[in-house]
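Below is one structure; the comments refer to it alone.
Protein chains: 2
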Amino acid sequence: MTKSGVTSDDVAKLAKVSQSAVSRAFTDGASISEETRNRVQAAARELGYRPNALARAMTSGRSRLIALLAAYLDNQFYPVVLEELSRSLQSRGYHVLLFMTEPGKQDEVVQRILQYQVDGIVMASATLSSRLAAECARTGIPIVQLNRYVASSPASSVTSDNIEGGSLVADLLARAGHQRIAYIAGAEDSSTNRDREAGFYKGLAQHGMTVFARAVGGYKFDGAAAAARTLMAADNRPDAVFVANDHMAFAVMDVLRAEFGLRIPDDISVVGYDDVPEAAWQGYALTTVSQEPRQMIEATVSILLEQIEQQSVRSRAAVIPARLVVRQTARLPD
Amino acid sequence: MTKSGVTSDDVAKLAKVSQSAVSRAFTDGASISEETRNRVQAAARELGYRPNALARAMTSGRSRLIALLAAYLDNQFYPVVLEELSRSLQSRGYHVLLFMTEPGKQDEVVQRILQYQVDGIVMASATLSSRLAAECARTGIPIVQLNRYVASSPASSVTSDNIEGGSLVADLLARAGHQRIAYIAGAEDSSTNRDREAGFYKGLAQHGMTVFARAVGGYKFDGAAAAARTLMAADNRPDAVFVANDHMAFAVMDVLRAEFGLRIPDDISVVGYDDVPEAAWQGYALTTVSQEPRQMIEATVSILLEQIEQQSVRSRAAVIPARLVVRQTARLPD
DNA sequence: TTGAAAGCGCTAACAA
DNA sequence: TTGTTAGCGCTTTCAA
């Protein structure tokens, strides 16, 4: 008995057709006459019938469920992405099943995901374990890593052009005449951090400069605050700092202003990365690099659906152009 | 064929037991000897077997899926709640299936939710349509409205003590000597707004005061900014404003500072509601009322699971105490 | 285009 | 404690 109590059999009886006719009436492109379809749908409406998605998933082998695996949602980039992803999938008849990673229980979560027979997996703010990668490769479930990639893995990835983005920031800061430019890193093992940092150094090099100081914030609010304190405790302080994401940049700005009495950008420039909604708030007005979440999600969904619907296993790596968003936390070139 | 290819039948064969023994080995509290359970699990491990959650749901009638229905995630209160809810349910073997409301497609979304045979529904930032309420009552699916309630509905609700919270704010502002206290409302049809406003007026009344001015922000960032402009365009401006949630309060602060050059709290006090993470950031340091999301989620989960597992239909209304969080945007009483 | 029949992988009586 | 059996509600051959 389905939770609503009425099954395709009930509808079939009322409409005086076979149960399979009912199934066909609810399947796009099925071989059924206009007339029977109408009869079935009338009967269905009368009974309040609604196909059981679970039963459908069982027999068809597609659950139309996409797992989203995330480690945290406190960086506003992720809620934005999650909402967008969910809407986009929903409009195509898919739905998001949410999984939060649990420290030390990585494998258990992987098992859970696979038990639900999801048609695809999106990894956001979570790193793909080799265990999950292997299992999915074996079972043919496509994975898209959002904002992260592992070169060796068979999974697809969607990122912004982090190298270009980092380089854009270096160029802006150097042209503004900064002499002592520091970097506050995200998680050191993440590809986003590696690329943003590499692009940043490359950009500095083009101006004949190197990074003045460096600290690690690990993409954490508190970590970034601590990193800022470390940087500012030195005898010779930086006059500009590129922070690996906005979420950390807010913490850095708080420390610079509240604990060191600095004015931004008069005393020191700060630049972030992501362009989360808060970056536009006047309390911060953060100069940053946009990740274009809309485009990233569009790419994610199209990769996923292509692999699901065409059964193709060809993994892709989409790179979305980065765009500098100039607000008020960085001194400008003349 | 399950996506991993191996079924309980395969395991049964290898372990030389019946297929139902395999099922029992994976069910807590099933009647099975230690020995067979071990044999089965060894075989399962060897084959990489993993029970199919969908098949299990079909036969048992419980999907262990909880639908979360939300209208938006850009108010940070919701990501916090979503993460907490997902973790809490996950640790109990349930999972969150996310649905975003779509304007004008309310009914379609309701159908989708019910098709997935979810065991329960949590409504966050979304109002319960009478259609959904009716369907769920009929099918016995428990609903918890988070941060919202409809008196007449059979659904449960979990809210903070919004009346008390509003009253606390009025008291703080009145005791600080404010003379012209304004209110910026959220969505007028929401119970949170009604209660916060009612409590606020009650609190003012206890000091022999009434609200000085009122505008509506509709729980939207831009709406709140517009409301602030309206309030400040008057000849006689308020000297304090209670904003119905933090998300709007940030917009209000931006307008007051950037467009009117006001200092907070020297020129005007601002108080919000929710205590979202950003309220603690130094750029705002917002005085607000905490909703205690942890406690709210705890209550939500316990109501849901009680109704699911005990089949009870007794709906409950949990009210979590509100707590004033004093930061720096409101003048203090001497 | 239609219906009959065979599962999908599992749980849950029921007997043994 | 165990195995046998009958479904859960649907999709998908296969014949007609």
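Heads up: the protein sequence lines correspond to chains A and B, in order. Sequential numbering from 517 applies to the first sequence in the working numbering. Sequential numbering from 517 applies to the second sequence in the working numbering. Heads up, the beta-carbon is just placed ideally off N, CA and C, and yes, glycines get one too.
- When the Cα atoms are used, residue 700 (chain B) and residue 794 (chain B) turn out to be separated by approximately 19 Å.
- With respect to chain A, the C-beta atom of residue 789 (chain B) has no partner C-beta closer than 8 Å.
- Against chain B, the CB of residue 595 (chain A) has a partner CB under 8 Å away; the residue lies at that interface.
- Look at residue 773 (chain B): its C-beta is under 8 Å from a C-beta on chain A.
- Look at residue 778 (chain B): its C-beta is not under 8 Å from any C-beta on chain A.
- By the rule that beta-carbons nearer than 8 Å mark a contact, residue 639 (chain A) does not touch chain B.
- Looking at B:582, B:597, B:697, B:678, the one whose alpha-carbon comes closest to that of residue 588 (chain B) is B:597.
- Taken in chain order, the complete alpha helix (DSSP H) segments of 4 residues or longer contained in the segment 606-664 of chain A are 622-631, 646-655.
- The alpha-carbon separation between residue 763 (chain B) and residue 542 (chain A) amounts to approximately 43 Å.
- Between residue 843 (chain A) and residue 803 (chain A), the CB-CB gap stays under 8 Å.
- For the pair residue 581 (chain B) and residue 611 (chain B), the CB atoms are nearer than the 8 Å cut-off.
- For residue 520 (chain A), there is no enclosing beta strand (DSSP E), as DSSP marks it with neither H nor E.
- In the structure shown, residue 813 (chain B) falls within a helical segment according to DSSP collapsed to helix, strand and coil.
- Rounded to the nearest whole angstrom, the CA to CA distance from residue 628 (chain B) to residue 836 (chain B) is 31 Å.
- Under DSSP, the beta-bridge partners assigned to residue 785 (chain B) are B:756.
- Within the segment 664-700 of chain A, the beta strand (DSSP E) runs of at least 3 residues that lie entirely inside it are, in chain order, 672-676.
- Sorting B:633, B:725, B:724, B:813 by C-alpha distance to the C-alpha of residue 656 (chain B) places B:633 at the top.
- Around the beta carbon of residue 848 (chain B), a 10 Å sphere encloses fewer than 16 other beta carbons of the protein chains shown; the residue is thus reported as exposed.
- Around the beta carbon of residue 777 (chain A), a 10 Å sphere encloses fewer than 16 other beta carbons of the protein chains shown; the residue is thus reported as exposed.
- Residue 520 (chain B) places its beta carbon less than 8 Å from that of residue 564 (chain B).
- In chain order, 794 make up the part of chain A whose C-beta sits under 7 Å from the C-beta of residue 794 (chain B).
- Note that the C-beta distance between residue 788 (chain A) and residue 761 (chain A) is below 8 Å.
- Here DSSP, grouped into helix, strand and coil, assigns residue 575 (chain B) to helix.
- Inter-residue distance for residue 659 (chain A) and residue 831 (chain A) is about 9 Å (C-alpha atoms, whole angstroms).
- Counting only Cβ-Cβ distances below 8 Å, residue 627 (chain A) has contacts in chain B at 566, in chain order.
- Below 8 Å, enough C-beta pairs join the segment 674-690 of chain A and the segment 719-732 of chain A to call them touching: three or more.
- Contact between the segment 661-673 of chain A and the segment 693-707 of chain A is established, with three or more Cβ pairs separated by less than 8 Å.
- One alpha carbon belongs to residue 702 (chain B), the other to residue 819 (chain B), and they sit about 27 Å apart.
- As the crow flies, the alpha-carbon of residue 786 (chain A) is around 18 Å from that of residue 679 (chain A).
- DSSP places residue 819 (chain B) in the helix class (H, G or I) of the three-state scheme.
- Residue 729 (chain B) carries a strand assignment under DSSP once its states are collapsed to helix, strand and coil.
- Contact note: residue 571 (chain A) reaches chain B through 574, using a C-beta cutoff of 7 Å and chain order.
- Note on residue 726 (chain B): under 16 other CB atoms within 10 angstroms of its CB, so exposed under the neighbour-count rule.
- Sequence-distant Cβ neighbours of residue 798 (chain B) in its own chain, meaning closer than 7 Å and more than five residues away, do not exist here.
- Taking residue 696 (chain A) as reference, the option from A:560, A:784, A:585 with the minimal CA-CA separation is A:784.
- Here the C-alpha atom of residue 693 (chain B) lies approximately 44 Å from the C-alpha atom of residue 616 (chain B).
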